[in-house]
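These protein sequence lines map, in sequence, to chains D and A. Following our numbering, the numbering of the first sequence begins with 3 at its first residue and continues without gaps. Following our numbering, the numbering of the second sequence begins with 3 at its first residue and continues without gaps. Remarks on the structure that follows.
There are 2 protein chains.
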Amino acid sequence: MGRWEPNARGRLAQAAFELYGERGYEQTTVAEIAKRAGLTERTFFRHFADKREVLFAGSEILQDSLVRAVIDVPESAAPIDAVSAALETVVTVLRDREFSQRRQKVIDSTAELRERELIKLASLAAALADALRRRGVPDLAASLAAEAGVAVFKVAFERWIAGTDEKDLSELIREAIDELKAVTAG
Amino acid sequence: MGRWEPNARGRLAQAAFELYGERGYEQTTVAEIAKRAGLTERTFFRHFADKREVLFAGSEILQDSLVRAVIDVPESAAPIDAVSAALETVVTVLRDREFSQRRQKVIDSTAELRERELIKLASLAAALADALRRRGVPDLAASLAAEAGVAVFKVAFERWIAGTDEKDLSELIREAIDELKAVTAG
């Protein structure tokens, strides 16, 4: 699972997370982030639109890989199985729980960031529903399978972050999907 | 389905909705809302914290009645059936589609309001999960049944608002629950 070699983008992200943790998100400036990373503000803005986007750059990657995975699942698969398969790919992006925990702590501390996170989840559901419709899934089924998938991701991610056990995210996602199936079976 | 007799609160809400529709949410002031309703600003602030809350006062009522309904469902009911039953009560609060459509148009026009709506939905999911846990439903099942319920509500509400057919909200909720069950059965 070895550490990644940080490039400019990675160094900026790392510096930002350190500073958000040390002095709080609102108190941290882009100038300070760049300085801590040993880079210029100009370089910062080549990689991120603002200090908020450092926290959400991963969400875009996540959404893109989920959508691609949904499209790539064999056509015979039912919508929920396409979504399950897509969620499995998430795990390859989200491996570092400690990092995700630190990120979540920053987000939970600021109303603006919590709102931003909800928007990203809503956008994820819309993108998944769209990918399912492109597979020929009817509108209502596409919307519900996408929303169910996001619910599974949200609940599994919260459990993973809470870190009450040693299960990895893929395991927690499988558990959540199984539980959702059991719950909706009534 | 007769029209309700507007009291001060109702007159303020009506005036606010009219003005949001006519000149836009951001351009409307509390003073203008009070004037249109034939009331004072002081009276406005006795009923609403600010001009945004006029749009979301109904969300609180909705959440309260959903939570109460979940608690009231016979103990033998499975979590998803408790949530279904709770959603059925929603219909008694949300009857006026034209009003809901106008409200949605205002919300969709402003990023701040769209964010607020997502927060209200997240808070609804948390409240429903909490109500289920108080029924003795285990944590994971409670979270997933609550998220599934909110997904059903969201999708059914969007279809209702879109107004492509003449089904009422309760019918659309039942259809969405049935579809969710079919979708998760794979």
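Each residue gets a CB set at the ideal place from its N, CA and C atoms; glycine is no exception. Since the structure is predicted, the reported quantities are computational estimates derived from the model, not experimental observations.
Helix, strand or coil at residue i [DSSP, three-state]
i: D:Asp170; result: coil
i: A:Ser111; result: coil
i: A:Thr12; result: According to the sequence displayed, residue 12 of chain A carries Gly and not Thr. The answer is helix: DSSP assigns A:Gly12 an H, G or I state.
i: A:Val72; result: helix
i: A:Phe101; result: helix
i: A:Trp6; result: Its pLDDT being 49, under 50, A:Trp6 is placed unreliably in this model, and the value from its coordinates should be taken loosely. DSSP places A:Trp6 in coil when its eight states are reduced to three.
i: A:Phe155; result: helix
i: D:Glu77; result: coil
i: A:Thr91; result: helix
i: A:Leu120; result: helix
i: A:Arg25; result: helix
i: D:Leu41; result: coil
i: A:Asp66; result: helix
i: A:Glu139; result: At residue 139 of chain A the sequence reads Val, which differs from the Glu that was named. If DSSP states are grouped into helix, strand and coil, A:Val139 belongs with coil.
i: D:Gly165; result: coil
i: D:Asp52; result: coil
i: A:Leu146; result: helix
i: A:Thr30; result: coil
i: A:Leu96; result: coil
i: D:Ala133; result: helix
i: D:Ala128; result: helix
i: A:Ile179; result: helix
i: D:Ala187; result: coil
Proximity of residue i and residue j at Cβ, strictly below 9 Å
i: D:Val197; j: D:Ser172; result: The structure shown has nothing for residue 197 of chain D, since chain D only spans 3 to 188.
i: A:Ser145; j: A:Ala129; result: no
i: D:Ala71; j: D:Ala87; result: yes
i: A:Leu134; j: A:Val85; result: yes
i: A:Ala158; j: A:Ile175; result: yes
i: D:Gly165; j: D:Lys107; result: no
i: D:Leu64; j: A:Glu117; result: no
i: A:Ala187; j: D:Lys183; result: yes
i: A:Val152; j: D:Ala153; result: yes
i: D:Glu77; j: D:Arg137; result: yes
i: D:Ala10; j: D:Leu41; result: yes
i: D:Leu89; j: D:Ile179; result: yes
i: D:Glu177; j: A:Leu142; result: yes
i: A:Val75; j: A:Asp83; result: yes
i: D:Ile163; j: D:Ser111; result: no
i: D:Ala191; j: D:Arg13; result: Here chain D comprises residues numbered 3 to 188, so residue 191 of chain D is not present and cannot be evaluated.
i: A:Thr30; j: A:Ala36; result: no
i: D:Thr150; j: A:Ala79; result: Sequence check: residue 150 of chain D is Ala here, not Thr. The answer is no: Cβ separation not under 9 Å.
Short CB-CB distance (under 9 Å) between residue i and chain C
i: D:Val154; result: No chain C appears in the structure shown, which is made up of the protein chains D and A.
Going along the chain, which residues of the segment 114 to 148 of chain A sit with their C-beta nearer than 7 Å to a C-beta in chain D? Glu117, Leu120, Ile121, Ala124, Leu142, Ala143, Ser145, Leu146 and Ala147
So if I threshold CB-CB distances at 9 Å, which residues from the segment 92 to 108 of chain A count as touching chain D? Under the 9 Å Cβ criterion, the segment 92 to 108 of chain A contributes no residue.
Touch test, the segment 16 to 36 of chain D against the segment 53 to 71 of chain D, Cβ-Cβ under 8 Å, three pairs minimum: Yes, since at least three Cβ pairs between the segment 16 to 36 of chain D and the segment 53 to 71 of chain D fall closer than 8 Å, the two stretches touch.
In chain order, what residues of the segment 55 to 76 of chain A put their CB closer than 8 Å to some CB of chain D? Legend: CB atoms of the segment 55 to 76 of chain A lying less than 8 Å from CB atoms of chain D are not found in any residue.
Of all the residues that make up the segment 79 to 92 of chain A, which are near chain D by a beta-carbon distance shorter than 7 Å? For the segment 79 to 92 of chain A, the set of positions with a beta-carbon nearer than 7 Å to some beta-carbon of chain D reads Ala80, Pro81, Ile82 and Asp83 in chain order.
Mind checking the segment 155 to 171 of chain D against chain A and listing, in chain order, the residues whose C-beta falls within less than 7 Å of any C-beta there? For the segment 155 to 171 of chain D, the beta-carbon criterion of a distance under 7 Å to any beta-carbon of chain A is satisfied by Lys156 and Val157.
Name, going along the chain, the residues of the segment 171 to 188 of chain D whose beta-carbon falls closer than 9 Å to a beta-carbon of chain A. Glu177, Ala178, Ile179, Glu181, Leu182, Lys183, Ala184, Val185, Thr186, Ala187 and Gly188
So if I threshold CB-CB distances at 8 Å, which residues from the segment 24 to 53 of chain D count as touching chain A? none
Residues from the segment 9 to 21 of chain A in contact with chain D, defined by Cβ distance under 7 Å: Listed in sequence order: no entries.
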